[in-house]
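S.K.:
In our numbering, the protein residues as written are 29 to 110.
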């Protein structure tokens, strides 16, 4: 239920890219996989995320994905019309 306490500690830290921080490349690779849709097994996620169909997606990401699809379709139509 929203608002209920969880047994989950989360720590977020900003690390500048290209700063030679140990493990930065590994974390960057994992972040890119997560951004591409790869996620943790549902059982390891906080309970609030078990109730959803995957992780929340931002409206900006939905719009970007839609526009990318439209551009691809229009490009294909243009190429086949020549």
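Using N, Cα and C, we set each Cβ at its ideal position, and we do this for glycine too. Small disclaimer: the values here were computed from a predicted structure and weren't measured.
Quick one: Cα of residue 86 to Cα of residue 37, how far?
M.R.: Taking the first residue of the chain shown as 1, we reach residue 86 at position 58. Taking the first residue of the chain shown as 1, we reach residue 37 at position 9. Computed Cα separation, rounded: 23 angstroms.
S.K.: What's the C-alpha gap between residue 52 and residue 108?
M.R.: On the chain shown, residue 52 is found 24 positions in, with the first residue counted as 1. On the chain shown, residue 108 is found 80 positions in, with the first residue counted as 1. When rounded, the distance between both Cα atoms is 44 angstroms.
S.K.: What are the uninterrupted segments assigned as alpha helix (DSSP H) that are 4 or more residues long and contained completely in the segment 48-102, given in chain order?
M.R.: Within the segment 48-102, the complete alpha helix (DSSP H) runs of at least 4 residues are 52-63 and 75-78.
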